[in-house]
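2 protein chains.
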Amino acid sequence: MKFKVKDMDIATGGPFIAILNHRDAEELDLHSGDRILVNHNSRRTTCLLDISETSKSVPKGRIGLFEEVLDKLKVKDNQSVELEFNGKPESVKHIRDKLNGKKLTYEELLHIADDITNDRLTSIEKTYFVAASYVNGLSLDEVIDFTKAIVNTGDRLKFKGLVLDKHSIGGVPGNRTTMVVIPIIAAAGFTIPKTSSRAITSPAGTADTMECLAKVELPYKKILEVVRKTNACMVHGGAMNLAPADDKIIEVEHPLSIDAEGQLIASVMAKKYSVSSSHVLIDIPIGKGAKVESKSGAKRLKKKFEKVGRKLGINVKVIITDGSQPIGHGIGPLLEAEDVMAVLRNDPLAPADLRKKALMMAGILLKMAGKKNGEELAQEILDSGQALVKMNQIIKIQGKQKKPTLGNYRYQVKSKKNGKVKSIDNLIISKIARIAGAPKDKGSGLYIVKFVKDKIKKGELIYTVYAESKFKLDLAVGFTKKNDGYTLA
Amino acid sequence: MKFKVKDMDIATGGPFIAILNHRDAEELDLHSGDRILVNHNSRRTTCLLDISETSKSVPKGRIGLFEEVLDKLKVKDNQSVELEFNGKPESVKHIRDKLNGKKLTYEELLHIADDITNDRLTSIEKTYFVAASYVNGLSLDEVIDFTKAIVNTGDRLKFKGLVLDKHSIGGVPGNRTTMVVIPIIAAAGFTIPKTSSRAITSPAGTADTMECLAKVELPYKKILEVVRKTNACMVHGGAMNLAPADDKIIEVEHPLSIDAEGQLIASVMAKKYSVSSSHVLIDIPIGKGAKVESKSGAKRLKKKFEKVGRKLGINVKVIITDGSQPIGHGIGPLLEAEDVMAVLRNDPLAPADLRKKALMMAGILLKMAGKKNGEELAQEILDSGQALVKMNQIIKIQGKQKKPTLGNYRYQVKSKKNGKVKSIDNLIISKIARIAGAPKDKGSGLYIVKFVKDKIKKGELIYTVYAESKFKLDLAVGFTKKNDGYTLA
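Now the structure itself:
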């Protein structure tokens, strides 16, 4: 059945929506919320149906499509699409089984991953799967099978031989070690193609930060070229079709900040597996407000990561680090990029904690790759400026970006009394930076000067808030007046 | 902040959607999927935000609202609404606790019920609650507390003294005992105000069936009048604000056909509690394709219903009945209404199984109300025509409806061989009736003539399919050719 497209000029950011006139819907016995398959040339996608009650917004014979659908089908206003009607996909049965405590097989998990990848499951159905995996848990075999299923329902970046990678579990603002570690490893001659995410709930993801310096949305071929020429890349994983089911699962985990342990492991390992990693270092920062809050939880997670790695034929090493306060001075894309460049330039004012952590991680990775003196080698590469040269090479080949400017609207948060910093709340610091505009406004965020155990006098600067508009600065400042994230002793 | 309404002329059937122009959204740091509170005069509702990328569909300064929102706020195109920004409601924390296996208190469950009633939770968040209640289970105390919470976040119909009620757990097509039992009980002089639901996945709910005879969407005052004049009513519960959280939970249970046992009990008992029932008979039909498939499951459920009843001060009796095949001849609103009226008229061709089951249930209810000879009394009332008189009185006072006509497009499904009916698949029978147009097309559905254990010859009629359009008849007939729902021995 053919319908002529009407561009509705609406984006949902999430579900794929199509709209039919009520008369067409009635004729076809379709109802709001039904699943339909929309085809255009060789492209197809599943949409949820809304109904137009009159002919004003969508007349009979036409189909209103939201932006996400138009993009996916590469179809324009007034072109034709073909409709089919979808029943409920079979994987709903497997999800029901998981709710009932059943262990799922590889084939069943593949079925689920495939339906998620192709948008055949609604967000309610995906939520049931995440909730079932969370409450009933995924066995180690299920985690391994689901990791493979996620990888096998997407594309892979294929590299041969030793391929290194690293991953930090989230929740600690400013933990931007990737952008120091990658240039060091690449300068040492090892292959390290790094795909990163954008921020979902944090003030900056590595992809957002790197984008202050270089293009990060690169086509497949270009990424291969960057890695061939530099040994490395630092790109946005979401732009490629690597483990696409994972991104779509994260969408429904986000509203409740649910991190089903099995899903977390599958998510991280699928991304690594899909870029052919052979040696992976995983950093689990622990501390209040970090994703992992307790040492025992981190240790349990560490063991599982190592086991799953072994089963997938990936050499995985896990370190548990201090995530009790922000790392580096800057929070927000540009401010974090400046921290990274200061470390790479060996700037005497560069944040020592970021430098130290990145060197430690690069050292471990080099050891994993067979360099016995890993940490000294990492330091030598950084101190000699080779890491900076490598970073500039990566930036140049990915495509240099005009650096954003720092937010012109600024506010200094000062101490109201004498004391010593007892703790800093990661969640509150992230929230203030986000209210100020991060990660969307790249030049907004916080520049922190006082850390835990620092002595502080009344009236002394704690951090500066940067924003790109007065409106957002006022909102952020309003928030700091209720809670600035600092506890003094 | 004020915005001028644009009527988008789109219905979602589910989530409440508002749309802002991307420039307004950017200024306010709002993103697709954010929660906003829209106020108009004294009415308010929570909407999920979509973004218009250009000025074509929603220009700056305007807010596009979907039909559900316009209805709820009673606001029209070009009128003004006021926006507020909602954070995540606190009950999300309680839902996370439930996912983690915590027992919730009455206050926490009230918080959840209140946020559900007022549309402050998204469907994803509600799904997490249902999934957590399903996998981790609700304790008996939680079921009782949640029942009270659901009732206390809605309106109540208050009646004094002995108030009877009945409820059949779903899944068996044609199980329309309510419309026979209620007139009998009311004719015996007892109060029995019955609220029923419309079909969600079945070919007819009692409300859909009753609507073939009388108005079922009545305002609160009118319902009180009907009960005062007739001792009874048979109305659509969804039209009132009785236990509104329950209806909104069912919305997210439906996609996976999940029936968390605790939620099911709370759902049924809340509806009874909200109409002041003192004596309730619950019918659990068991059989393949019914909601409860096993005898052991039915027995467990029976015990829980009785315990919850005791705690709520309601005398609950539970019967376990045969739900292995459809009841009565007709499947679909009008065809089921005809069955009911045939039983009430003592028509010799009336379905004997429906008559027998309804008499048994009416008898038990009369016994519960103190009439020792319950079943004989029920039969006397039915046989003497008093039940029919009462039914006609109820129809008249609720408001008589012009009876729909039976679908003019018909197809006879005949046996392909000689044999004996071994089993009938409830789910397939329901599906065929729905494809033929039920419950929306009231005159569509099935008229069944052969039941389990009946002998049948090749070419003999099994059932007739009725539809209101050729299109739907063809679809239904196409389906019967793949699967007619019958297994012969």
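Just so you know, the sequences run in chain order A and B.
If you read the first sequence in the working numbering, its first letter stands for residue 1, the second for the next number, and so on.
If you read the second sequence in the working numbering, its first letter stands for residue 1001, the second for the next number, and so on.
Beta carbons: idealized from backbone N, C-alpha and C, even for Gly.
_So if I threshold CB-CB distances at 7 Å, which residues from the region 57-81 of chain A count as touching chain B?_
S57, E67
*I85(A) burial status per 10 Å Cβ neighbour count (16 or more: buried)*: Contrary to the premise, residue 85(A) reads as Phe rather than Ile in this sequence. Under a 10 Å Cβ-count criterion, F85(A) is classified as exposed, with fewer than 16 other Cβ atoms of the shown protein chains found around its own Cβ.
*Say whether chain B places a C-beta atom closer than 8 Å to the C-beta of I223(A).*
no
*From the beta carbon of V292(A), is the nearest beta carbon of chain B less than 8 Å away?*
no
_Can you pull the chain A neighbours of V1092(B), defined as C-beta to C-beta under 7 Å?_
Near V1092(B) (Cβ distances below 7 Å), the residues of chain A are L256.
*Any C-beta of chain B sitting closer than 8 Å to the C-beta of K472(A)?*
yes
*If the cut is a Cβ gap below 7 Å, which residues of chain B does A11(A) touch?*
S1032, D1050, I1051, E1053
*Grab the span of the beta strand (DSSP E) containing H1094(B) for me, first residue to last.*
Premise fails: H1094(B) lies in the alpha helix (DSSP H), 1091-1099, not in any beta strand (DSSP E).
*Which residues, in chain order, does the region 120-140 of chain A contribute to contact with chain B at a C-beta distance below 7 Å?*
T122, S123, I124, E125, T127, Y128, A131, A132, Y134, V135, N136
*When E1468(B), S1267(B), F1016(B), G1443(B) are compared against Y1409(B), the one with the closest alpha-carbon*: E1468(B)
*Check whether the Cβ of I185(A) lies closer than 8 Å to any Cβ atom in chain B.*
So, not an interface residue.
*C-alpha distance - V1452(B) paired with E1306(B), whole-angstrom precision*: 32 Å
_Is there a C-beta anywhere in chain A that falls below 8 Å from the one on L1099(B)?_
L1099(B) counts as touching chain A.
*Would D484(A) pass as a contact of I448(A) if the rule is Cβ separation under 8 Å?*
no
*Among L1020(B), K1076(B), Q1263(B), I1010(B), the one whose alpha carbon lies nearest that of I51(A)*: I1010(B)
_When you compare the CB of I1019(B) with every CB in chain A, is at least one pair closer than 8 Å?_
yes
*asked:* Which of the three DSSP states is assigned to A132(A) in this structure?
replied: helix
*Helix, strand or coil at H279(A) according to DSSP, with G and I counted as helix*: If DSSP states are grouped into helix, strand and coil, H279(A) belongs with the strands.
*Should K102(A) be labelled buried (16 or more other beta-carbon atoms within 10 Å of its own) or exposed?*
exposed
*Under the three-state DSSP convention, the category F305(A) falls into*: Correct three-state label for F305(A): helix.
*Cβ pair L1359(B), D1339(B) closer than 8 Å*: no
*Endpoints, the beta strand (DSSP E) within which S464(A) is located*: Sequence check: residue 464(A) is Thr here, not Ser. Looking at the DSSP string, the run of the beta strand (DSSP E) that includes T464(A) is 461-467.
*Pair every Cβ in the region 149-160 of chain A with every Cβ in the region 264-279 of chain A, then say whether three or more of these pairs are closer than 8 Å.*
yes
*May I ask you to report which of helix, strand or coil DSSP gives N1392(B)?*
Note: N1392(B) maps to helix in three-state DSSP.
*What residue from S423(A), E125(A), M361(A) has the CA that sits closest to V180(A)'s CA?*
M361(A)
*Cβ atoms of G1407(B) and G1443(B): under 8 Å apart, would you say?*
yes
*Under 8 Å between beta-carbons, which chain A residues line up against V1252(B)? List them in chain order, please.*
I124
*Identify whether M494(A) lies in helix, strand or coil by the three-state DSSP scheme.*
A query on residue 494(A) cannot be resolved here, the shown segment of chain A reaching from 1 to 489 and no further.
*Mind checking the region 287-319 of chain A against chain B and listing, in chain order, the residues whose C-beta falls within less than 9 Å of any C-beta there?*
none
*asked:* With a threshold of 8 Å on Cβ separation, who are the neighbours of K416(A) within its own chain once the five nearest residues in sequence on each side are excluded?
replied: K458
*Going by alpha carbons, who is nearest to A489(A) out of I63(A), G419(A), T464(A)?*
G419(A)
*Is the shortest distance between the beta-carbon of I95(A) and the beta-carbons of chain B less than 8 Å?*
It does; some Cβ of chain B falls within 8 Å.
_Please state whether the Cβ-Cβ distance between L1344(B) and P1203(B) is less than 8 Å._
Taking a C-beta distance under 8 Å as the contact criterion, L1344(B) and P1203(B) do not qualify as a contact pair.
*Bridge partners - R62(A), DSSP secondary structure assignment*: K4(A)
*Where M1001(B) meets chain A, residues with beta-carbon distance less than 9 Å*: Under the 9 Å cutoff, chain A gives no residues; its nearest Cβ is about 12 Å from M1001(B).
*For A1067(B), which beta-bridge partners are listed by DSSP?*
According to the sequence provided, residue 1067(B) is Glu. The question's Ala does not apply to it. Partner(s): none; E1067(B) has no beta bridge.
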